[in-house]
Structure formats: C-alpha cells, structure tokens
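Novice: I'd like to ask you about the structure that follows.
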Ligand SMILES: Cc1cc2nc3c(=O)[nH]c(=O)nc-3n(C[C@H](O)[C@H](O)[C@H](O)COP(=O)(O)OP(=O)(O)OC[C@H]3O[C@@H](n4cnc5c(N)ncnc54)[C@H](O)[C@@H]3O)c2cc1C
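Residue numbers (my numbering): 6 to 459.
In structure tokens form, the structure reads like this:
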C-alpha cells in the first residue's frame, strides 16, 4: 500500500525521484511538466516558519511538518519557568499558518528517517503509524536539543529548558521546593530546598537566575508564614572564565555585578562533576540543592546527520554558502541545525539568524520555481545581541556599540513584544509585564496536581 502523503496536486504515483544530474546546489529546478514542486519543511520554529512564509506566493505544494502543534518563542521560555508568563502567551499554533497561506499544509508528525536517494521522508504520526512523504525540495529546520556533554545522567536531576513542558516542570520544581521548605523541620534540609543551582552562565542561565532572584526577593515575600524566601541562595555556575562568553568582556563584567547586586552568587571557572538527588558537586565541593537546572550546552537534533553530509562536532550540518547540503540538490538545512561560517566566524545560533536563513532559502526556492537563479550567497546581518538581567536592566552589543541599563531594557522589552508570533501574544505579554512591573506579582504560579518535585 502506498501510504505516502497526498496533498493537493499530482497523485503520489506520478512522483518519481528527481534526476539530480546537472543540478547545482544553488540552482535546482525539480519541475517536471505539469507538476507542482513539493516542498517539505521540517520544523516549525523560527527558521521553518520564515521559509514557509517566503514561499507564500509560490506555485508549489508546501508541507510543514513538526512534532509539536505549536511554535515556541524560546527567548521568553525562562519567564514561563519563573511564573511571569504562561505557556500560551509565548506560543502559537503552527496550524494557524494555513489560514493565510493557501499553498501550505501542516502535519503533526515526527520525521524519523530520510532517504535522500529516493527523496522520501518517514514521519511518525501521533497515533504511531508511519507515513512516507515524497519531496522535491527539503528544508530541514529542526533546531537543537539540550546537551549534557556526555553526562546524560545529569538530566534526571538537572532539567534543561527547551520546551513548554520543560518550563512548566522547572516552575513546578521551583515553587514546589518552597512548599516543601515550609513543612520541614530540619534546618539543613530547609536550606537545601531553598538553594537553586543553575549550571551554565550563557544568556539563558543569566536571564533565568535574575528572574528567579526577583521571584524569591519580591514576588514570594510575605507569602509564607514559616520561611523567608528572600533568604534563598541562587548560584550560577560556569566552567568558563566569565559569564556571557558570547558578549564583550566589559558587558560580562557589568552583568556579573548586576547579578551580584540581585543576590545571585556567580561562580566561574568551576566545572560540574556530578549532579544527584542531593545536589551538585562542582570544583570538588558539594552544593546541597533540590533544584539544579541545566542551562549549558546544546547539540543538533538527529535529522541533519541522517542526510549523510558532513556535520560539525555539535551535529550541525555543514552547508554551502547557499545553505544547501553538498551533493544533495534541493536539500537545505537552516537555523540552529546548520553550521554556517561567515568570514571566519560561525553564524550564531540565535533567532535572528534562523529567521534570516529560513527566509533566504524560501526566497531561493521561490525564485528557482520562477526559473530564476540565485547568485547571491546567504549573508547574516547581525542586528545585535541582547540579554536581560531582571527588572530595568539589559545589555546590548551591536558591532562596536555596547550599552546597558534601563534604556537598553526598554529596547529589549519593545523588541521582544514586536517579535512575538501573534497579535494576541503581544497583547497578553504586555498586560502581564505591566501587571508584574507595577505590583511585583507573577500571574502564572501553578504547580500541577501531581508535582514533579525531586
Ligand atoms: C531557553 C532558550 C532561550 C533562548 N533565548 C534566545 C534569545 O534571547 N535570543 C535569541 O536570538 N535566541 C534565543 N534562543 C535561541 C533561539 O531560540 C534559536 O536560535 C532558534 O529557536 C532557532 O530556530 P530554529 O528554527 O532553527 O529551531 P527551533 O526554533 O528550535 O525549531 C525547531 C523545530 O523543529 C521541530 N523538530 C525538531 N525535530 C523534529 C523532527 N524530527 N520532526 C518534526 N519536527 C521536529 C521542533 O519541534 C521545533 O518546533 C534561545 C533558545 C532557548 C532554548
């Protein structure tokens, strides 16, 4: 039985693998007479959605596959983990894209295999069945996964932050620790429950630590009769010599000072050796904690490797200047899953880069379908790097410009509101932020009924 997905256009039986001969990576035209090209985009994150949008007017069948039914605005995930926002405020249904784009179909499925010779994908459907899907063009935009640098055993006690359920679990862990602290009699155990260790001082670790400091020092104060949450310990650890290594050193120093002012203990040059039920062992010392959080490494999702091309150490596909995979005409990898070198520097794994790459490949394919050639390679335009450090303080680096403080924080807030996926997200986040800014309260302090607190 042919269980290949049929979307509008020619029947599946009419589709055969394209003849790759004579096709260059930057110039591929899969059209056979009378057939629409089928473009499959895997991943509905920043890069995949940008690619799909750039193909809006194209005379093609586009299929967007994601294993989740929602797009997540990851830069604000830490605010879900610290009870500022709720999951729906930073996410949008991917299926909604179909409303405005007639040539698009969305499929909820996990792509588990790819046969590049037959130009066929294998997708696992929600009920467990497998569907084979033919493609003419393939855009892989599957992003990254957390990496524990070979210590997967840490994952059990130090969850990472990548999905909405990660953020909800972390929130439950943090809030649950206080609920337990208020009932224990042993002082040492209470101190352990009120100690939070964040492993990894990149932007996510810094933003999470600062937001947690605000939660314990402002929001939760007065909420507990028998404990004082403001006496909690928040420790931010990193093996590197300084925090925020992707920013200029002077900004790292300013942020470290700011964190210290917020009550966060910053420990750099400290390697984590073990994470277990009782705490974290770092630099030869044990730190008792019930809440260790992993904000360190990432590695590419497995799909790029399945294409068979060359990948870098983190599993990202090394693509050519047109973001195409060598020797696989019409196959592109974009966003975090791609390793792109510009000049001598790698293009960073940030939302802006993913959007620009997705849009570039979408436009390249659209031009190709119109019979035009793209000769301009992908060029990343760095619009600046930002990190927020609690209320009223953010840092920005753009070229030689380095700013920090309240005005930068306002810019950060404005940029993030504008970048949210839908108008309703923008309105809801604005409302929550204003409420939280003026009252110090946080509106999403939910522990699910069966708390996953360890
Ligand atoms: C906590 C956190 C905070 C961040 N903060 C910032 C920030 O402040 N600023 C910034 O610029 N960047 C930030 N980033 C990085 C930014 O989010 C990424 O660079 C960006 O999301 C990359 O986009 P992408 O489309 O490549 O991947 P993603 O957005 O990760 O999307 C990948 C998609 O692919 C889907 N997928 C994966 N594998 C499969 C499969 N086999 N089958 C089907 N679907 C699949 C996933 O479900 C997902 O929807 C942050 C990231 C995290 C995790």
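C-beta atoms are modelled at their ideal positions from N, C-alpha and C, and glycine is treated no differently. Since the model is a prediction, treat every value here as computed from it, not as a measurement.
1) Using only the alpha-carbon positions, how far apart do residue 176 and residue 112 sit?
2) For residue 452, which residues of its own chain have a beta-carbon under 6 Å away from its beta-carbon, when the five flanking residues on both sides are left out?
3) Rounded to a whole number of angstroms, what is the C-alpha to C-alpha distance between residue 220 and residue 87?
4) Would you check if the distance between the CB atom of residue 82 and the CB atom of residue 449 is smaller than 9 Å?
5) Buried or exposed for residue 434, please, with buried defined as at least 16 other CB atoms from any protein chain shown within 10 angstroms of its CB.
6) I believe residue 321 touches residue 343 by the beta-carbon criterion, under 8 Å. Please report the beta-carbon distance rounded to the nearest angstrom.
7) Tell me, please, whether the segment 134-153 touches the segment 38-55 by the rule of three or more beta-carbon pairs shorter than 8 Å.
8) Flag this pair as yes or no: are the beta carbons of residue 243 and residue 274 separated by less than 9 Å?
9) Near residue 443, what residues of its chain come up, given a Cβ to Cβ distance below 8 Å and the 5 sequence neighbours on each side ignored?
10) Sort 148, 426, 107, 71 by Cα distance to residue 129 and report the nearest one.
11) From residue 363 to residue 192, what distance separates their C-alpha atoms?
12) Should residue 390 and residue 96 be called a contact, given that it needs their Cβ atoms to be closer than 9 Å?
13) Compute the minimum distance between the beta carbon of residue 82 and the heavy atoms of ligand 1, and state whether it is under 8 Å.
14) Under three-state DSSP, which class holds residue 376?
15) Using the three-state DSSP reduction, which class does residue 369 fall into: helix, strand or coil?
16) Residue 294: which of 69, 411, 279 sits nearest, CA to CA?
17) Going by C-alpha distance, which of 172, 416, 386 is nearest residue 298?
18) Please classify residue 63 as buried or exposed, where buried requires at least 16 neighbouring CB atoms within 10 angstroms.
19) Output the boundary residues of the beta strand (DSSP E) element that contains residue 45.
20) In this structure, how does DSSP classify residue 357 when only helix, strand and coil are distinguished?
21) Using C-beta distances below 8 Å, list every residue in its chain close to residue 406, excluding the 5 sequence neighbours before and after it, in chain order.
Specialist: So, from the listed chains and residues:
1) Here the question's residue 176 lines up with position 171 in the chain shown. Here the question's residue 112 lines up with position 107 in the chain shown. C-alpha separation (whole angstroms): 30 Å.
2) If you number the chain shown from 1, residue 452 lands on position 447. Excluding positions up to five away in sequence, the list reads 177, 180, 181.
3) Mapped onto the chain shown, residue 220 falls at position 215. Mapped onto the chain shown, residue 87 falls at position 82. If you take the alpha carbons of residue 220 and residue 87, they lie about 7 Å apart.
4) Locating residue 82 in the chain shown gives position 77, where the first residue counts as 1. Locating residue 449 in the chain shown gives position 444, where the first residue counts as 1. Their beta carbons are not under 9 Å apart, which means residue 82 does not touch residue 449 by this criterion.
5) Against the chain shown, residue 434 aligns to sequence position 429. Residue 434 is buried by the Cβ-count criterion.
6) Your numbering for residue 321 matches position 316 in the chain shown. Your numbering for residue 343 matches position 338 in the chain shown. Between residue 343 and residue 321 the Cβ distance is about 6 Å, and since that is below 8 Å, they are a contact.
7) yes
8) By one-based count along the chain shown, residue 243 stands at place 238. By one-based count along the chain shown, residue 274 stands at place 269. Between residue 243 and residue 274, the gap from beta carbon to beta carbon is short of 9 Å.
9) Locating residue 443 in the chain shown gives position 438, counting from the first residue. Excluding residues within five positions, none has a Cβ falling inside 8 Å.
10) The residue you call residue 129 lines up with position 124 of the chain shown. Nearest option by C-alpha distance: 71.
11) Your numbering for residue 363 matches position 358 in the chain shown. Your numbering for residue 192 matches position 187 in the chain shown. Cα to Cα, residue 363 sits roughly 53 Å from residue 192.
12) Translated into positions along the chain shown, residue 390 becomes position 385. Translated into positions along the chain shown, residue 96 becomes position 91. For residue 390 and residue 96, no; Cβs fall outside 9 Å.
13) One-based indexing of the chain shown puts residue 82 at position 77. Checking every heavy atom of ligand 1 against the Cβ of residue 82, one is found closer than 8 Å.
14) Residue 376 sits at position 371 when you count from the first residue of the chain shown. DSSP places residue 376 in coil when its eight states are reduced to three.
15) Taking the first residue of the chain shown as 1, we reach residue 369 at position 364. Of the three classes helix, strand and coil, the one that applies to residue 369 here is helix, per DSSP.
16) Taking the chain shown and counting its residues from 1, the one referred to as residue 294 is at position 289. The shortest Cα separation from residue 294 among 69, 411, 279 belongs to 279.
17) Counting from 1 along the chain shown, the entry for residue 298 is found at position 293. From the listed residues 172, 416, 386, the smallest Cα separation to residue 298 is found for 172.
18) The residue you call residue 63 lines up with position 58 of the chain shown. For residue 63, the number of other beta carbons within 10 angstroms of its own is at least 16, and it is reported as buried.
19) Position 40 of the chain shown, counted from the first residue, corresponds to residue 45. First-last of the beta strand (DSSP E) with residue 45: 42-47.
20) Looking up residue 357 in the chain shown gives position 352. In the structure shown, residue 357 sits in a helix (DSSP, three-state: H, G or I).
21) As a first step, residue 406 is located in the chain shown; it is residue number 401 there, counting from the start. Closer than 8 Å at the Cβ level, and outside the excluded window around residue 406, lie 389.
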